[in-house]
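So for the sequence shown, this note's numbering puts the first residue at 56; every next one is plus one.
Where a beta carbon is used, it is the ideal one built from N, C-alpha and C, also for glycine.
Computed from a predicted model, the values in this text were never measured in an experiment.
Reviewing the structure listed below.
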Amino acid sequence: MTEKRPFFWPFALMACIFYASGQSSLATPSLNFILPIDKIGHFLIFGLLATFVMRIPKMYLLGWRGALASALIVIAYGAVDEWRQSYTPGRAIEIYDFVADALGASIAVLAYKIVPTYRGCLEWTPLKRLCKDTPVST
Numbered sequence: 056m057t058e059k060r061p062f063f064w065p066f067a068l069m070a071c072i073f074y075a076s077g078q079s080s081l082a083t084p085s086l087n088f089i090l091p092i093d094k095i096g097h098f099l100i101f102g103l104l105a106t107f108v109m110r111i112p113k114m115y116l117l118g119w120r121g122a123l124a125s126a127l128i129v130i131a132y133g134a135v136d137e138w139r140q141s142y143t144p145g146r147a148i149e150i151y152d153f154v155a156d157a158l159g160a161s162i163a164v165l166a167y168k169i170v171p172t173y174r175g176c177l178e179w180t181p182l183k184r185l186c187k188d189t190p191v192s193t
């Protein structure tokens, strides 16, 4: 049996995005940044989603092809999410949301692939020494 945990997080986050984009209005604070807070949110959430997809062992083992596939999967999900959002009353397709989604996914995948510190922080296990003798069920 294969490990299912790496698949849980991308699908859980996709479900949260799906739910949020179906809401007529979302409470977002006005922090008076140069960029609107929702674009920063899109960038970070879709970057996190791309990182979760990249952490699926098969994607990571494919090297740069896996990185490209991870980014394209998340960018496609962002496009479909924007399109689906247009059917929600009070919401519309915003091209800048899609741009933020695509940039977040692309930069996160690149960071995961070429910045060892980023990848190392994500792969750090706080209880590694305690758990090293525990057999992993596969």
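Limits of the alpha helix (DSSP H) - the one that residue i falls within
i    : result
W138 : W119 to Q140
S161 : I150 to I169
K59  : Where K59 is concerned, there is no enclosing alpha helix (DSSP H), given that its DSSP letter is neither H nor E.
T106 : I92 to M109
P144 : Looking at the DSSP string, P144 is not in any alpha helix (DSSP H), and its letter there is neither H nor E.
Contact set for residue i: own chain, Cβ-Cβ below 8 Å, skip 5 residues either direction
i    : result
F36  : In the structure as shown, the chain begins at 56 and stops at 193. Residue 36 is therefore absent and cannot be evaluated.
S79  : T143, P144, G145 and R146
L177 : T106, R110 and Y167
Y173 : A166 and Y167
Cut-off 6 Å between Cβ atoms - residues of its own chain near residue i, not counting five sequence neighbours on either side
i    : result
I148 : E137 and S141
T106 : A163 and Y167
T189 : Model confidence at T189 stands at a pLDDT of 46, short of 50, so the residue's coordinates are unreliable and nothing is read from them.
R60  : none
C71  : none
L116 : none
G159 : F98, F101 and G102
Integer-rounded CB distance, given that residue j should sit under 8 Å from residue i
i    : j    : result
A155 : F98  : 5 Å
L104 : M69  : 7 Å
G133 : F101 : 6 Å
Contact set for residue i: own chain, Cβ-Cβ below 7 Å, skip 5 residues either direction
i    : result
M114 : V108, G121, A124 and S125
A131 : none
F153 : G133, A134 and E137
### Stretch pair the stretch 125-134 + the stretch 160-178: three plus CB contacts closer than 8 Å
Here the stretch 125-134 makes contact with the stretch 160-178; the two share three or more CB pairs at distances below 8 Å.
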